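Visitor:
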Amino acid sequence: MEERQTIMTNIHFDGMDWLGPCAQEFQDKNDIYTIIRLQYKRNGRVIYKNSRLDTVSESEMEGVGVQLFTRDGESVIGSSNEVTEDEVRALLDRSLKVLRSSGGQIEGKNKEIWSVPKFNERRIVETPFSLDEVGFDTIKEKLLEHHKVMATVDESYEGDLSLTSFVACIEEEWRIVRGDGSSVHWNVPRCMLFDSFTVRRGGGASATRANYHERDLRVLLDPKHLEEYRASAYRFRRMAYDLRGAPRIKGGQYKIVIDPALAKGLAHEAFGHAAESDAIRFHSILGENEKFRAGLPVCDEKISIVDSSVEGDWAYAPFSSNGLPRESVSIIDKGVLKASLADVYSAREIGCGITGASRLESYGDVPIPRMSNIRLEISDPLPWDNPNDRAPEKLHRYLKDRELINSDEEVLYLSGYRGGQVNPKLGDYVFNCQAIYKFHGGETTLHQPGLFSGKVLETLESIKLGIGPNSIHHSGTCGKAGQGVPSSGGGPLFTMIDKHPAIHIGGK
Amino acid sequence: MQSLDHVRKTLKDFQARDDDYRIDQWQISVTDSETLSVGLKDKEVGGVYGPPSTRRVIGGNIYVVWSDGKVSKSTVNSLFLRHFESRLKRLRRSAYREEFVIDMPEDQELPDIQIYDSAVNDIVTEDSRRCFDVLGRYKEELSAAKESFDGSVGARHSYLTVINSKGLDKTTRSTVNSFSVGADSLFGAGYRSRRRLSDDDVLSRLHFLNEWLPHFQNLTENHPGSGEHQVVLLPGTAASFLGHFVLGNLNGEAVANKNSAWSTSDFDGAKKVFSDDFSLKFDPTVDWMARSYKMDARGLVAENVSYIEAGQLTRPIVSLKAAQQLSCVPSPVPSSGGLTIESGASADLEQFIGELDDGIVVPGVLGMHTQDSARGNYSLSVPSALVVKSGKIVGRCKATMAGNFFDDLGKSVTTLNSKLDDMNGLVIKTKVSFS
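Keeping their order, the protein sequence lines are chains A and B. Under the numbering used here, read the first sequence as residues -3 to 504, first letter to last. Under the numbering used here, read the second sequence as residues 599 to 1033, first letter to last.
Here it is, written out as structure tokens:
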């Protein structure tokens, strides 16, 4: 039985000369368009909780998914987590049997795949600081060092801190072949360092978190990046302590400033999902009469929203799950709705070009249009001297000095992203922050987080300006149709949004 | 079913070794499942975003205690099992000193609970037409959906095997048949059962959907004004609240690591955290319910448990590790949709609404996963709140609800029964503001 060298190299699907011919033979013999998707994933994890080593684990998986299309456009998906030549061939046969036994009951037919051009590319990201190179002993040592630094506080920190620090090192690889002779092969290495802070005092608790990612374990080993991360993590740690006694904001409409992680949340929830091509016909505010509303002016011309795959990024996805190149997409270009995140199956019916936007969480899933790295871009942002110094008090002074706010008005600065959600059909979205700072009467006061909710198009109209350079590697996981994929993005260091009746901050 | 004979033999061989790879204790669980599903998208059966799908997955977990006392753990799958000996050796490199080594369960007799239906197995292996038949019924029944509806039907059969060095070696077989449907991106229904879905299982819920969909199609400004109101959480929303704010804080490892709203002394002292008449239970021993099982992947047999009794904390949700951390016995791990709520007052959903002067019905919220579960505070958007006036639903509007769920459960609540779900809905009183 074949034993692939999964330890000595991080490329799992090299060789396998039988794979392409298998797809081509099956397609030719049965006149069935054939796509075979292989996925490999290895995950190493170390977790410290309150100075105790909680977990060390290493796991790996592989699997194969096949998708078959008749000439009439009926399709089926089959999958197995045994990647051997015999099993792949058996899976193709099983899947074809299900397709044939559907007996004409499949109504949704899509023939677009038959027109897609052939495409071949192999793209491998090198990772000098991989799990195999570094080893668990070094990871444990370095993570414990970091954990102790984060756990050390002075007497100004009142409360009982529970700290969790973990490193996750993921090596993911995809190989997709089609029966027309196409083949794409790429890897997505990524590592994350994550800290969560829970502070208990006076019978209650409050929690915040911080994280950053790199392509490999330099996330723990590169002193310069680690120091930059800690500067941010210290702020969230302090926030967890101070939130214990902080009041809740009064719910309502405000002028708002958001940080780049929240700008990512805004771009992702408010616009990204609504721009995915499978939603446009019936489920999106950006569709009308089943077509994408390209050409619609939606906001000021200084605003653009761009989605693209960035090498080394958490959500790196250079090819689609149908084996096509993923393109950079200007969803909004200088204030005008321009392009959808469109996959091969829905691009034409909504009047858009294919942008290679489909992704999968797992080999057996249905490919659907997804974002990669999505960011808010505002032209001519105001300058900010030091991106590593983003103290709320400094921001408050900056805004007052430039007369962007006055002392009478209550302005809220929202910091730290906690996730969001959208209903693209209604155009309603929400996201949450980790804390709110209120700027009023010369004072900066910390408040409990509150839900930012709004309507898609009204929020776009209300974006006023950006401050500082773009920061675009704020990561998370995007959930859609039961599939979770890595997501990423950002925006300017600070983005100001005018008060609007359709934008609401939740509170007491 | 995947044979595990080579696994048993290899693990026993490793127990007899006299080198660094000698194993002292081990436990492995493997689930071998096969699934068939068909989707419905934009009213079309089996399209490219909901095609017929056949899936075979072998997965599980392994936990090893080496002879030097270090522990290794990993997920297992087909790849691991095919190269079992080499993967077992590779596990050694991630071995670490675990302060709380699990106490592996002994062999026990499995309870007699009905969780396998050969008719569901047949759908998966021989007859996919049943899935198409059910989807066809959606289309006939959902006349009230003006624009679009999506859904899916699925059938799964599984074998779960748990074996360990204490002699536990059990396999259980189970099935699940499920359906779900969402209409106009506004409202949905679904059901899961261990046995083949009956026409009534599907039709009763589709009829409910048909009766309620017109409410969502009328926008109204005739709402009661911002303030404190009776809020009816439909079963899925109630499950979402309970899952996020209560189950998350009942997690035993979170309690042990001080990440929970409640501490070990709170449980030891049976602290009163909710109203006297509120209890939260989980019963996985009922025949045919989707939540039911005979044995879970940890090798523990199903038992009926109470997590909160008369408002007091009784026990956390205890994993094998948390059992060591907290010096107590492990407990079943509930799903939020499988909980039973008991309260001082219960009513039929539609009867309750019929007697309500003013209030809202919440079919779903946006943003639950973003809330800080340790504090219990929530601030949630309700994009499609249904307004109730003088016992009638008058239409839909957008609302925000804000409060503290611990405080809400600290007051008497009413549980609601309906044809929509086996799980209860819930009535709370909280602050609502309207846009």
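We put the CB at the ideal spot given by N, CA and C, even for glycine. These numbers were taken from a predicted model, which means no experiment stands behind them.
Using a cut-off of 9 Å between C-beta atoms, extract the partners of A:Leu49 located in chain B.
Guide: Tyr694, Arg695, Glu696, Glu697
Visitor: Would you please verify whether the beta carbon of A:Leu447 is less than 7 Å from any beta carbon of chain B?
Guide: yes
Visitor: Considering only residues of the same chain and omitting the five flanking positions on each side of B:Phe1004, which have a CB-CB separation below 6 Å?
Guide: Gly974
Visitor: Grab the span of the beta strand (DSSP E) containing A:Met367 for me, first residue to last.
Guide: Unbroken run through A:Met367: none, as it is neither H nor E.
Visitor: Out of curiosity, what's the CA-to-CA distance linking B:Lys987 and B:Ser873?
Guide: Straight-line Cα distance between these residues: approximately 28 Å.
Visitor: If you measure from the beta carbon of B:Phe730 to each beta carbon in chain A, is any gap under 7 Å?
Guide: yes
Visitor: If you measure from the beta carbon of B:Gly825 to each beta carbon in chain A, is any gap under 7 Å?
Guide: no
Visitor: Run down chain B in chain order and give the residues with a C-beta less than 7 Å from the C-beta of A:Ile73.
Guide: Pro649, Ser651
Visitor: What are the start and end residues of each continuous beta strand (DSSP E) run of 3 or more residues lying completely inside the segment 392 to 434 of chain A, in chain order?
Guide: 407 to 419
Visitor: Considering only residues of the segment 258 to 294 of chain A, which uninterrupted beta strand (DSSP E) runs meet the minimum length of 3 residues and lie entirely inside it, listed in chain order?
Guide: Considered as a whole, the segment 258 to 294 of chain A harbours no complete run of any beta strand (DSSP E) with no fewer than 3 residues.
Visitor: Taking C-alpha atoms, which residue in A:Asp397, A:Gln430, A:Ser273, A:Glu265 lies nearest to B:Asp970?
Guide: A:Gln430
Visitor: Could you tell me whether the segment 37 to 51 of chain A touches the segment 69 to 78 of chain A, where touching means 3 or more Cβ pairs closer than 8 Å?
Guide: no
Visitor: Do A:Ser178 and A:Gly61 have their C-beta atoms closer together than 7 Å?
Guide: no
Visitor: Which chain A residues sit within Cβ distance under 8 Å of B:Thr998?
Guide: Gly247, Leu447, Ser449, His500, Gly502
Visitor: Let me know the secondary structure DSSP gives B:Gly1023 once reduced to three states.
Guide: strand
Visitor: Tell me whether the beta-carbon of A:Arg371 lies closer than 7 Å to the beta-carbon of A:Ile468.
Guide: yes
Visitor: Go ahead and pull the three-state DSSP assignment for B:Val1030.
Guide: Three-state result, B:Val1030: strand.
Visitor: Considering Cα atoms alone, identify which of A:Thr351, A:Arg344, A:Pro377, A:Glu56 is closest to A:Gly562.
Guide: The structure shown does not extend to residue 562 of chain A, since chain A spans only -3 to 504, so no value can be given for it.
Visitor: If you measure from the beta carbon of A:Ile337 to each beta carbon in chain B, is any gap under 7 Å?
Guide: Ile is not the amino acid found at residue 337 of chain A; the sequence shown has Leu there. For A:Leu337, no CB of chain B lies under 7 Å from its own CB, so it is not counted at the interface with that chain.
Visitor: Kindly list, in the order they appear in chain A, the residues whose Cβ is closer than 8 Å to that of B:His967.
Guide: Neighbours of B:His967 across chain A, judged by C-beta separation under 8 Å: Gly415, Gln417.
Visitor: Taking its Cβ as the centre, do 16 or more other Cβ atoms sit within 10 Å of B:Arg792, making it buried, or is it exposed?
Guide: buried
Visitor: Could you check whether the Cβ of B:Leu690 sits closer than 7 Å to any Cβ belonging to chain A?
Guide: One detail in the question is off: residue 690 of chain B reads as Arg in this sequence, not Leu. With respect to chain A, the C-beta atom of B:Arg690 has no partner C-beta closer than 7 Å.
Visitor: Roughly how many angstroms lie between the CA atoms of B:Thr723 and B:Ala900, to the nearest whole one?
Guide: Answer to the nearest angstrom: the Cα atoms are 28 Å apart.
Visitor: Have a look at the DSSP bridge pairing and note the partners of B:Ile915.
Guide: Beta-bridge pairing links B:Ile915 to B:Asn849.
Visitor: Going by the CB atoms, is the gap between A:Ala257 and A:Tyr409 shorter than 7 Å?
Guide: no
Visitor: Relative to the C-alpha of B:Gly825, which candidate in B:Lys1029, B:Phe612, B:Ser796 has its C-alpha closest?
Guide: In terms of Cα proximity to B:Gly825, the closest of B:Lys1029, B:Phe612, B:Ser796 is B:Lys1029.
Visitor: Nearest to A:Ser342 by CA position, among A:Leu456, A:Glu286, A:Glu389, A:Ile299, is which residue?
Guide: A:Ser342 has its Cα closest to that of A:Glu286, out of A:Leu456, A:Glu286, A:Glu389, A:Ile299.
Visitor: Considering only their Cβ atoms, is the gap separating A:Tyr250 from A:Glu406 smaller than 7 Å?
Guide: One thing to note: A:Glu406 has its Cβ within 7 Å of the Cβ of A:Tyr250.
Visitor: Is the beta carbon of B:Gly909 less than 7 Å from the beta carbon of B:Phe876?
Guide: yes
Visitor: If we cut at 7 Å on Cβ distances, does A:Gly104 have a partner in chain B?
Guide: yes
Visitor: Below 7 Å on C-beta distance, what does B:Lys639 contact in chain A?
Guide: Gly104
Visitor: Could you list the residues in the segment 4 to 28 of chain A with a C-beta less than 9 Å from some C-beta on chain B, going in chain order?
Guide: none
Visitor: Tell me which residues of the segment 179 to 206 of chain A have at least one Cβ-Cβ distance to chain D shorter than 7 Å, keeping chain order.
Guide: Checking the listed chains, one finds no chain D in this structure; the protein chains it contains are A and B.
Visitor: When you check each C-beta in the segment 839 to 857 of chain B against every C-beta of chain A, which residues fall closer than 8 Å?
Guide: Asn855, Lys856, Asn857
Visitor: Using a cut-off of 7 Å between C-beta atoms, extract the partners of A:Ile364 located in chain B.
Guide: Tyr647
Visitor: Are A:Phe278 and B:Ser982 closer than 7 Å when you measure CB to CB?
Guide: no
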